[in-house]
Amino acid sequence: MDTMIFVVLGAGLSIGLGAIGSAIGEGYIAMNAIQALGRQPGASQKILRLMIIGQAITETAAIFALVMALVLLFGTDGSGTMKAVTYLSAGIAIGFGTIGSGFGAGLPGGSALKGMGRNPENSDVLTVQMIIGQAVTQTSTIFALTVSLILVTLTPEDSYVKMFAILGGAFAMGFGAIGPGIGDGIVAKNANEAVGRSPKHMGLLTRTMIIGQAITETTDIYSLVVALILIFVV
Amino acid sequence: MELVTGEQFVKALALLAAGIAMGFGAVGPGIGEGFVGGKACEAIGKRPDEQALITKTMIIGQAISETTGIYALVVALILIFVVGG
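The following block contains the structure:
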């Protein structure tokens, strides 16, 4: 009975917090789509297509949060204080962890649509660049999902110290994924804007974007390492 | 669950603190490095022939933005292995 309270709380935190980022990101994409339509009403088909692709990828983070909420609600059968803490921690990790990526993935989508407003002929180049940028931005959410799934399946030893270590691991991964997620999005946003202005430099820009995003991810990797140490080593 | 001693209480809170330190510590550097990378992409879009210089500056800028993230990591590891170990 006690465990169930924490399961429900974890599920609520998971989808409640997880919906924030993606919703803002998708709104940003739609806003830019409307601006692009105002400039290029003739290219409405292409603009609509790019908007839907961009929003679909931005939704990934929220879908991960939804899946974890459903796993917590219907896929858990453990009981006891320690299991209760792992379920709550799983919800915290994925809930906070999806905010950054959701918001971040919206940024390149928005700037890709800005580029469409400038010149709808660049549709293909912008779509490819947007998808690469958004895909890399999802890394931090995937780390958070991994930690969250580990926490759901974990059966830890019964100790007071371990309980706080697991909670600490969830905070490390959850909060740690916010910054890099947004940062990756900013890199991809500017890269997409540059591609919109000069599509012939796309190869160079994609390369620089991926280097920039990889370095931005480092703090996320630190968080993952600290979270795994807290979960498994301590 | 056994009775909690004072030493265990300190260890437990140190581990929670390690998680919070690394978690919040990663927010700033992540966003900051994103700004650096983003502006580097913008600059390369404008001046593609200066890409070597821009990339070099980007990496230096991001490395310096990263330092606070490394402080957070160091503090987290100290809390885990020195205080909580």
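Top line first, the protein sequences correspond to chains A and B.
Every number in my numbering is 82 more than the matching position in the first sequence, counting from 1.
Every number in my numbering is 18 more than the matching position in the second sequence, counting from 1.
For every residue, glycine included, the Cβ atom is placed at its ideal position computed from N, Cα and C.
Just to confirm the assignment, what range does the alpha helix (DSSP H) spanning residue i have?
{"i": "residue 282(A)", "result": "Careful: residue 282(A) lies outside any alpha helix (DSSP H) and carries neither H nor E."}
{"i": "residue 176(A)", "result": "163-200"}
{"i": "residue 206(A)", "result": "205-219"}
{"i": "residue 120(A)", "result": "84-121"}
{"i": "residue 75(B)", "result": "69-96"}
{"i": "residue 302(A)", "result": "300-310"}
{"i": "residue 126(A)", "result": "126-140"}
{"i": "residue 236(A)", "result": "Premise fails: residue 236(A) is in no alpha helix (DSSP H) and is neither H nor E."}
{"i": "residue 47(B)", "result": "45-64"}
Residue i touches chain A at which residues, Cβ-Cβ below 8 Å?
{"i": "residue 57(B)", "result": "272"}
{"i": "residue 73(B)", "result": "290, 293"}
{"i": "residue 78(B)", "result": "Per Cβ cutoff of 8 Å: no residues; residue 78(B) is ~11 Å from chain A at best."}
Taking Cβ positions only, does residue i come closer than 8 Å to chain B?
{"i": "residue 203(A)", "result": "no"}
{"i": "residue 160(A)", "result": "no"}
{"i": "residue 122(A)", "result": "no"}
{"i": "residue 279(A)", "result": "yes"}
{"i": "residue 238(A)", "result": "no"}
{"i": "residue 190(A)", "result": "no"}
{"i": "residue 242(A)", "result": "yes"}
{"i": "residue 264(A)", "result": "yes"}
{"i": "residue 261(A)", "result": "yes"}
{"i": "residue 302(A)", "result": "yes"}
Mark residue i as exposed unless 16 or more other C-beta atoms lie within 10 angstroms of its C-beta, in which case mark it buried.
{"i": "residue 175(A)", "result": "buried"}
{"i": "residue 138(A)", "result": "exposed"}
{"i": "residue 123(A)", "result": "exposed"}
{"i": "residue 323(A)", "result": "The displayed coordinates of chain A run from 83 to 316. Any statement about residue 323(A) would go beyond what the structure contains."}
{"i": "residue 130(A)", "result": "exposed"}
{"i": "residue 126(A)", "result": "exposed"}
{"i": "residue 71(B)", "result": "exposed"}
{"i": "residue 206(A)", "result": "exposed"}
{"i": "residue 95(A)", "result": "buried"}
{"i": "residue 161(B)", "result": "Look at the range of chain B in this structure, 19 to 103, and you will see that residue 161(B) is not part of it."}
{"i": "residue 265(A)", "result": "buried"}
{"i": "residue 169(A)", "result": "buried"}
{"i": "residue 236(A)", "result": "buried"}
{"i": "residue 161(A)", "result": "exposed"}
{"i": "residue 51(B)", "result": "buried"}
{"i": "residue 302(A)", "result": "buried"}
{"i": "residue 49(B)", "result": "buried"}
{"i": "residue 82(B)", "result": "exposed"}
Would residue i pass as an interface residue toward chain A - the criterion being a Cβ-Cβ separation below 8 Å?
{"i": "residue 82(B)", "result": "no"}
{"i": "residue 60(B)", "result": "yes"}
{"i": "residue 119(B)", "result": "Residue 119(B) lies beyond the residue range present for chain B, which begins at 19 and ends at 103; the question has no answer from this structure."}
Using a cut-off of 7 Å between C-beta atoms, extract the partners of residue i located in chain B.
{"i": "residue 305(A)", "result": "40, 41, 44"}
{"i": "residue 269(A)", "result": "52, 55, 56, 59"}
{"i": "residue 253(A)", "result": "37, 38, 41"}
{"i": "residue 256(A)", "result": "41"}
{"i": "residue 95(A)", "result": "Under the 7 Å cutoff, chain B gives no residues; its nearest Cβ is about 15 Å from residue 95(A)."}
{"i": "residue 286(A)", "result": "62, 66, 69"}
Applying a beta-carbon distance threshold of less than 7 Å, which residues of chain A neighbour residue i?
{"i": "residue 24(B)", "result": "Correct list: empty, because the minimum Cβ distance to chain A is about 12 Å."}
What residues from chain A crowd round residue i, counting only those whose CB sits closer than 9 Å?
{"i": "residue 98(B)", "result": "247, 250, 308, 311, 312, 315, 316"}
So residue i contacts chain B; which residues on that side make the cut at Cβ distance below 8 Å?
{"i": "residue 298(A)", "result": "48, 51, 52, 55, 80"}
{"i": "residue 206(A)", "result": "Near residue 206(A) there are no residues of chain B at all, since even the closest Cβ is about 18 Å away, more than 8 Å."}
Just to make sure I have the definition right: I need the residues of chain B whose C-beta is within less than 9 Å of the C-beta of residue i. Which are they?
{"i": "residue 276(A)", "result": "59, 60, 61, 62, 63, 64"}
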